[in-house]
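Engineer: Residue numbers (mature numbering (1 follows the signal peptide of the UniProt record, and there is no 0)): -27 to -1, 1 to 867.
Don't be surprised by glycine CBs; every beta carbon is placed ideally from N, CA and C.
Can you read through this structure? Questions will come right after.
So this is what it looks like as structure tokens:
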């Protein structure tokens, strides 16, 4: 080898050594690097710092039990060191469930780049400011670390930070961030994830701060109470952004057009955030990298033409998923949809789209899911629309106006094999669709409200279905034979058909929900139908049939059963106590039967029962004294209950529907009714927290019949929003308790047909949310309180057949109560709309009575005062003046 070659080789080796040195030192001139061969275990300074960090924690699960000995780098859980320098670079305490303090010794780990503190309990202490001094950090994870208070702006000093995660959903504490300006200093940040952190005070400037991050690739700010989404920006710096998720906020704004300047975006998610208005095509201009747009569950309206046309303008559109369901979109579906040839998922259900479904949809050969049900489609859809969709696995078609016709050939054999098929509110003909037999991968089948009047074909039972819904058709046949062929589904809904036969002993080992409501089933239920081990049944609806006999008494195996509806049958006998004592029972409906006895009498406390409906039976005895913090609705309407209203009703904190009308109750209304807290708060939109808790789909038609505003109405989804008390048609007496005006959110109050007397409470106007007030056929007297006119929601009023008197109020709502029957049977009332006009010169009866009482009191007072003054004027003077006394007696001849 020549001298020149040797010299060049030495120079090359020297350069490599220098490059290695500077790469290890991060480009700095610090001389604190130690050769890897000189370090065994870990640095003592760092080991001591880790021991102090451990000492500051309580470790109930022993996650740090391995932190012993000298070698912290290879044996200590969650600790990792550099293979080159030997310094601790990673500290992962995630999901260790530690409690206590975060020691400031953390700053002695000067080479730490990765810190995970997630899912520990820092007992609502604020995030230590010293974390902001750890400038080498590149990753900082703090989801559910149970820090509290305000996030320190010192975190803005972490200029090397690449990933920051603050995630608090489902945690008992929450961060509060009043301003985000410190984020703009994190110039290296690529991933920012903030979930379930209160940013309401930072709403005005959050985007301006985030927009200063030129390297940001992923931005997630969800469930953060943001109320402002700027429509314009002076400049857009988010040119590296590929993933954007702003879901579950409260923007109440239009889709901003600056989105199109973030041209690298691949996925956009803004779900359930109050977006309004049309979808502007300008916001998606030149966004040819987009693969997913998720804008579902907002308030978007208008059409889809602008959006789809802009996406189709890309020569090779990459869009794969369009999620626009659950909005208010209306207009037609454009033909340009067929140009999105990479589209795999299309969800447009639950909107108001109309017109015909374009034939160009058949060009979407990569489509896996087509969800266009629950719109207002018209026209005809043929098998030609679907024949080329060879990859289709999910199909959901339906039109709420029932104007869509599915004209599929009788011998059509699809090129796809579905796992999910949902067809509802369509005209598909009288025969059962034969092409479904070819769908051998089918897991879920719904053919509802399609007017099929056929028998169910035998091949349907050979499909490996977990969910079967054939409800609201005209299907017929012997149901008992069909159910015995196969009963291995998880959820079955055959309700609202013409099925006949008796109810067989079903195999309930796999069924979770079973609805056979509103058919023509007859006979008695098998006595051992519910005595099976094991059972997963959670919902059972046999209502609206012709079942007779007694309710079976063996329910021991039904530990998971939550919903039971046997209403509107011909059942008789008593309610088995074993049914009332089911541990998971949440909804019990036995109304409209011939049941008798004292129901659920052995129950003292319902642990989970939310709603009980025993109306229209022959039950007797006293009203049961049930307790239960979760009881929300009680309906005992139309029975033979007697005695007084139990005060235990007042202690049901969430009771908001109480219907005990048409019984034999007597005695007064307890004053404690004014303390029923369920009527003092607004209704809630979630029907049952138990269904959410167990992640079980709620039965489609949980409903209760109630008399409201003089009509019998069925309440289902809006039942939780109703606050009602109906005690009409009993023999209650006494006065309306003044305390009842404390029920500030009461919607309906019906006390008609009792023996209630006394005045209507003067402060009844405090019931500001009252919509219906019925007090007819009682013995009420006095005025109609003027405060009633201040209840602006009041739309139903009936005060007829009492002893009310005086002038009918004429202000506000009373101007709409122009039906004289509202006031008939009260001879003392006058004024419109009655023909009995009030005399302006003659005070009404009550005021005359009051005046008469006052005059009598004044008369007696003057007589007494006159006597006193007259007596002392004469006798007092005679007693004092002897000469007057002698003259007086001489005058009398004494």
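Below 7 Å between beta carbons: does that hold for residue 141 and residue 170?
Structural biologist: Contact: yes.
Engineer: Give the secondary structure of residue 656 by DSSP, where H, G and I count as helix, E and B as strand, and everything else as coil.
Structural biologist: coil
Engineer: Report the partner residues of residue 236 according to the DSSP bridge assignment.
Structural biologist: Assignment of beta-bridge partners to residue 236 by DSSP yields no partner.
Engineer: Look at the alpha carbon of residue 314 and the alpha carbon of residue 284, and state the distance between them as a whole number of angstroms.
Structural biologist: For the pair residue 314 and residue 284, the Cα-to-Cα distance works out to about 11 Å.
Engineer: Looking only at C-alpha atoms, which of 69, 317, 393 sits nearest to residue 116?
Structural biologist: Restricting attention to 69, 317, 393, the CA atom closest to the CA of residue 116 is found in 69.
Engineer: Below 8 Å on the Cβ atoms is my contact criterion, and I expect residue 570 with residue 604 to pass it. Report the Cβ-Cβ distance as a whole number of Å.
Structural biologist: Actually they are not in contact, since the Cβ atoms of residue 570 and residue 604 sit about 21 Å apart, beyond 8 Å.
Engineer: Taking the runs of the alpha helix (DSSP H) that are 4 residues or longer, which of them lie wholly in the segment 774 to 812?
Structural biologist: none
Engineer: Could you tell me the boundaries of the beta strand (DSSP E) in which residue 164 lies?
Structural biologist: 164 to 168
Engineer: For the structure I just gave you, are there three or more beta carbon pairs, one from the segment 86 to 93 and one from the segment 38 to 50, closer than 8 Å?
Structural biologist: For the pair of segments examined, the segment 86 to 93 was found not to touch the segment 38 to 50: the number of CB pairs separated by less than 8 Å stays below three.
Engineer: Excluding five sequence neighbours on each side, which residues of the same chain lie with their C-beta closer than 6 Å to the C-beta of residue 523?
Structural biologist: 546
Engineer: Taking 8 Å as the limit between beta carbons, can you name the residues of its chain near residue 438, skipping five residues before and five after?
Structural biologist: 415, 416, 417, 418, 462
Engineer: What is the rounded straight-line gap between the Cα of residue -12 and the Cα of residue 281?
Structural biologist: Because residue -12 carries a pLDDT of 37, less than 50, the predicted location of this residue cannot be relied on, and the following value inherits that uncertainty. For residue -12 and residue 281, the distance between alpha carbons rounds to 55 Å.
Engineer: Please classify residue 359: is it buried, with 16 or more other beta-carbons within 10 angstroms of its beta-carbon, or exposed?
Structural biologist: Looking at its Cβ environment, which holds 16 or more other Cβ atoms inside 10 Å, residue 359 is buried.
Engineer: Quick check on the burial criterion: 16 or more other C-beta atoms within 10 angstroms. Buried or exposed for residue -9?
Structural biologist: Low confidence applies to residue -9: its pLDDT is 37, below 50, so where it sits in the model is not reliable enough to give any reading.
Engineer: Would you mind working out which of 542, 53, 602, 108 sits nearest residue 587, comparing C-alpha positions?
Structural biologist: The shortest C-alpha separation from residue 587 is found at 542.
Engineer: Residue 752 bridges to which residues according to DSSP?
Structural biologist: 730
Engineer: Under 8 Å by Cβ, that's how I've got residue 704 and residue 598 pegged, so tell me the actual separation to the nearest angstrom.
Structural biologist: Wrong, their Cβ atoms sit about 20 Å apart, outside the cutoff.
Engineer: Which residues does DSSP list as the beta-bridge partners of residue 538?
Structural biologist: 514, 562
Engineer: Let me know if residue 691 comes out buried or exposed under the rule of 16 or more other beta-carbons within 10 Å of its beta-carbon.
Structural biologist: exposed
Engineer: What separation, rounded to the nearest whole angstrom, lies between the Cα atoms of residue 700 and residue 485?
Structural biologist: 37 Å
Engineer: What separation, rounded to the nearest whole angstrom, lies between the Cα atoms of residue 54 and residue 33?
Structural biologist: A direct Cα-Cα distance of roughly 26 Å separates residue 54 from residue 33.
Engineer: Where residue 186 and residue 156 are concerned, what is the direct C-alpha to C-alpha distance, given to the nearest angstrom?
Structural biologist: 8 Å
Engineer: Are the CB atoms of residue 193 and residue 166 nearer to each other than 7 Å?
Structural biologist: yes
Engineer: In three-state terms, what does DSSP make of residue 140?
Structural biologist: strand
Engineer: Classify residue 712 as helix, strand or coil using the three-state DSSP reduction.
Structural biologist: Helix, per DSSP.
Engineer: When DSSP labels each residue in this structure, what does residue 256 get in the three-state scheme?
Structural biologist: helix
Engineer: Tell me whether the beta-carbon of residue 555 lies closer than 7 Å to the beta-carbon of residue 534.
Structural biologist: Against a cut-off of 7 Å, the Cβ pair of residue 534 and residue 555 comes out as a contact.
Engineer: Could you tell me the alpha carbon to alpha carbon distance between residue 29 and residue 36, rounded to whole angstroms?
Structural biologist: When rounded, the distance between both Cα atoms is 14 Å.
Engineer: In terms of alpha-carbon separation, which member of 265, 479, 302 lies closest to residue 455?
Structural biologist: 479
Engineer: Are residue 763 and residue 744 touching if we call contact CB-CB under 7 Å?
Structural biologist: no
Engineer: If you draw a straight line from the C-alpha of residue 278 to the C-alpha of residue 436, how long is it?
Structural biologist: Distance from the CA atom of residue 278 to the CA atom of residue 436, rounded to whole angstroms, is 39 Å.
Engineer: In the DSSP assignment, find the alpha helix (DSSP H) that holds residue 24 and state where it starts and stops.
Structural biologist: 17 to 28
Engineer: Sorted by chain position, which residues of the same chain lie with C-beta nearer than 8 Å to residue 172's C-beta, five sequence neighbours on each side aside?
Structural biologist: Closer than 8 Å at Cβ, skipping near neighbours: 150, 153, 179, 194, 197, 198, 199.
Engineer: Rounded to the nearest angstrom, what separates residue 466 and residue 675 at their Cα positions?
Structural biologist: 14 Å
Engineer: Go to residue 475, then tell me how far its alpha helix (DSSP H) extends in each direction, as first and last residue.
Structural biologist: Element bounds for residue 475: not the alpha helix (DSSP H) but the beta strand (DSSP E), 471 to 475.
Engineer: Just to confirm, is the Cβ distance from residue 724 to residue 694 under 7 Å?
Structural biologist: no
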